[in-house]
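Numbering (the UniProt record's numbering), first residue to last: 1 to 689.
We put the CB at the ideal spot given by N, CA and C, even for glycine.
So, in structure tokens, the structure goes:
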């Protein structure tokens with residue numbers, strides 16, 4: 001009885017019935033476990049929503065996030081921060097505060113449950129259509145293109161002109177000019193829609209149809225495989241879309257509008273077709289009003305060069321005469337001007353400028369043809385990358401499809417996997433080095449900064465990169481070409497080192513096409529193909545294979561021959577949603593990165609405890625039953641560890657994590673809050689705090 005009055009007094013102060021107070025007091029650990037489970041569920045839901053939203057925004061629909069989704073994500077982020085505060089309070093609470101802690105945890109758990117229940121419905125879409133006409137495109141500043149821009153605009157405003165063909169050599173600025181026209185059309189609102197479609201060298205009817213359908217917000221009933229039916233639907237939709245401008249950028253050959261499903265533009269329907277191409281013949285064949293984009297004048301070229309090379313150079317009288325001659329060697333092409341200016345930026349030694357002039361003259365003198373000259377001017381910038389590994393980083397970008405927006409973080413990860421970035425004490429230091437390289441390539445205008453998250457290669461710069469890889473048969477690059485089968489045997493050179501077949505339509509990987517041995521093959525990129533089957537002995541004769549990317553394929557199991565890849569350092573299987581089975585991995589003792597996230601495996605692959613060089617382990621697998629005790633302590637070099645499972649029993653103890661002294665990034669679940677606190681304590685000791 002002597003304790004009843006204090007308990008009642010505290011309970012009354014809390015505004016809590018005595019029975020509830022006692023429940024909070026006695027079952028605090030249960031409340032904490034429930035709190036942690038709901039918090040983890042909410043965190044997983046938030047990450048899922050963010051991933052799907054990102055995927056929707058990356059589609060060519062011109063979409064923007066729904067306001068409710070943005071608000072929910074912002075509020076959940078704050079809620080999880082508050083949950084961390086609560087967790088810290090509880091972990092520091094004293095015994096007499098158990099009931100207070102129990103109430104605090106219970107209230108926050110209820111709030112988080114409410115957020116979970118009110119999560120956006122992903123099946124209804126997380127993004128909405130942008131403005132009906134379209135969204136502005138990012139573009140660079142124009143110099144000296146006012147006349148050609150005005151000419152194109154005047155044609156668009158004339159009723160009697162329905163098709164406009166803008167042509168000129170690679171790097172002359174066609175796409176940049178038309179991007180400005182696109183954005184001006186959106187501002188003026190003269191047309192109900194402005195549709196932009198990038199064609200690229202490898203024309204594919206289905207892709208063009210998909211891009212136009214996306215721009216028209218065609219979702220319901222859009223067929224996946226019948227070109228004729230799709231063309232009929234598109235034609236009807238475009239006829240009903242009101243006055244619109246359809247822009248087809250980077251056409252390399254003539255296109256049948258009827259085959260795609262594009263109605264013939266005319267004065268009567270008020271619609272316009274604008275295309276850009278390197279070929280005057282294409283413009284004429286398509287029946288366009290032909291407009292040629294000419295190189296910049298000497299004065300315009302000099303203004304653009306000086307804008308890019310930096311103010312210190314502009315003020316140097318000893319450099320200016322040579323600089324003007326260097327500009328002349330750029331032939332008035334905006335792309336080569338900005339690339340060469342980027343290479344020479346900040347260089348204040350007159351001798352180096354004279355050498356650059358001499359080098360440019362020699363390069364251009366040894367080739368014939370306008371396109372070859374452009375490539376040689378661009379190679380000037382490549383050759384002036386002093387670090388050989390930076391050159392390899394640049395060439396790696398050419399392994400992606402043409403006009404592809406490459407995620408910066410993914411690209412840097414690839415550079416780390418390939419060994420282009422030297423080993424450093426921490427993974428973060430290597431990523432920082434990657435960003436320095438990325439910035440250098442952007443400053444030299446060898447990569448375009450599309451957004452804060454993505455870069456891309458100008459198609460002429462990619463042509464230059466491909467020409468370098470062709471000088472030595474070490475690369476085979478056939479990414480994004482809609483291939484349905486592996487390239488034929490004759491294309492697999494015995495001394496081939498890097499192969500990129502990503503983003504194709506390959507469904508089966510057969511050994512029949514390979515040469516007897518691929519003795520020097522180090523990199524094989526097969527990601528984003530609908531691959532269902534890989535020949536049993538496919539990997540048998542690849543003794544040097546180091547990087548294997550099979551991400552986002554449809555494989556259900558891997559052949560046993562993968563166990564023979566004793567020099568494999570990177571195995572990427574992320575997004576293989578049907579993968580359930582892996583062979584024994586014990587022989588892959590050089591493996592540094594293994595990503596099994598978003599697969600269907602139920603057990604950790606046999607032999608993983610032998611992979612003692614692992615630095616990166618992705619196990620975000622909801623079907624995974626458990627992480628065997630004693631596994632992680634053997635992987636002492638891990639820097640990145642992530643696992644998210646739909647199973648409360650799959651959780652860790654701090655003692656399993658304690659040997660991982662090099663761990664920098666961790667996503668996962670601890671058994672309870674005490675284990676989490678032990679882990680934090682061990683971290684603080686490691687950091688000397």
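Using a Cβ-Cβ cutoff of less than 7 Å, which residues in the same chain neighbour residue 95 once the five nearest sequence positions on both sides are dropped? In this predicted model, residue 95 has a pLDDT of only 46, less than 50, meaning its place in the structure is not dependable; the value taken from the coordinates is given anyway. Excluding residues within five positions, none has a Cβ falling inside 7 Å.
Indicate the three-state DSSP secondary structure (helix, strand or coil) for residue 166 in the structure shown. It is a strand residue.
Name the residue from 644, 665, 677 and 663 whose alpha carbon lies nearest to the alpha carbon of residue 40. For residue 40, the closest C-alpha among the options 644, 665, 677 and 663 is that of 644.
Since residue 197 and residue 212 should fall inside the 8 Å C-beta cutoff, what is the C-beta to C-beta distance between them, to a whole number of angstroms? 6 Å
Between the region 263-279 and the region 227-245, do at least 3 Cβ pairs fall closer than 8 Å? yes
Among 124, 178 and 121, whose alpha-carbon lies nearest the alpha-carbon of residue 142? 178
Measuring alpha carbon to alpha carbon, tell me which of 277, 509 and 406 ends up nearest residue 460. 277
Taking 7 Å as the threshold (C-beta atoms), are residue 454 and residue 407 in contact? Yes; because the gap between Cβ atoms is below 7 Å, this pair is in contact.
Between the Cα of residue 414 and those of 438, 425 and 426, spot the shortest distance and give me the residue it belongs to. Considering only 438, 425 and 426, the residue with the shortest C-alpha distance to residue 414 is 438.
Under 8 Å by Cβ, that's how I've got residue 83 and residue 108 pegged, so tell me the actual separation to the nearest angstrom. Confirmed, Cβ separation roughly 6 Å.
Report the option in 254, 145 and 608 whose CA atom is closest to the CA atom of residue 199. Minimum Cα distance to residue 199 is reached at 254.
Distance, residue 119 Cα to residue 436 Cα: 39 Å
Using the Cα positions of residue 483 and residue 505, report the straight-line distance between them to the nearest angstrom. 5 Å
How is residue 347 classed by DSSP in three states: helix, strand or coil? Three-state result, residue 347: coil.
For residue 68, does the three-state DSSP call read helix, strand or coil? helix
Does the beta-carbon distance from residue 551 to residue 587 come in below 7 Å? no
Which whole runs of the beta strand (DSSP E) in the region 94-162 are 3 residues long or more, in chain order? 127-129
If you draw a straight line from the C-alpha of residue 487 to the C-alpha of residue 514, how long is it? 9 Å
Using the three-state DSSP reduction, which class does residue 250 fall into: helix, strand or coil? strand
Nearest-angstrom Cα separation, counted from residue 572 out to residue 549: Cα to Cα, the separation comes out at about 5 Å.
Tell me whether residue 665 sits in a helix, a strand or coil according to DSSP, three-state version. Here residue 665 sits in strand by DSSP.
Where residue 558 sits in the DSSP three-state scheme: Residue 558 falls in the coil class under three-state DSSP.
Over the uninterrupted beta strand (DSSP E) stretch that includes residue 195, give me the two end residues. 193-198
Closest to residue 429 by C-alpha separation, out of 416, 441 and 440, would be which residue? 416 is the residue among 416, 441 and 440 whose C-alpha sits nearest the C-alpha of residue 429.
Quick one: what's got a C-beta closer than 6 Å to residue 447's C-beta in the same chain, skipping five residues either side? 441 and 455
On the DSSP bridge assignment, give the partners of residue 523 in chain order. 498 and 547
Tell me the rounded alpha-carbon separation between residue 162 and residue 395. 41 Å
Backbone CA spacing between residue 489 and residue 517 [nearest angstrom]: Residue 489 and residue 517: Cα-Cα distance of roughly 11 Å.
For residue 639, count neighbouring C-beta atoms within 10 Å of its own C-beta (all shown protein chains included) and say buried if the count is 16 or more, exposed if not. By the neighbour-count rule (16 or more Cβ atoms within 10 Å), residue 639 is buried.
In chain order, which beta strand (DSSP E) runs of at least 3 residues are fully inside the region 226-276? 244-251
Going straight from the alpha carbon of residue 159 to that of residue 228, what length do you get? Distance from the CA of residue 159 to the CA of residue 228, rounded to the nearest whole angstrom, comes to 30 Å.
From 685, 362 and 663, pick the residue whose C-alpha is nearest to that of residue 703; which is it? Any answer about residue 703 is impossible in this case: the structure gives the chain only from 1 up to 689.
Based on Cα-Cα distance, which residue from 80, 65 and 50 lies nearest to residue 37? 80
Would you kindly work out how many angstroms separate the C-alpha atoms of residue 192 and residue 306, rounded to a whole number? 40 Å
Determine the DSSP secondary structure at residue 61, reduced to helix, strand or coil. Unreliable positioning characterises residue 61 in this predicted model, as indicated by a pLDDT of 45, which lies under 50. The coordinate reading is nonetheless provided below. It is coil, neither helix nor strand.
Mapping the DSSP letters down to three states, classify residue 681 as helix, strand or coil. helix
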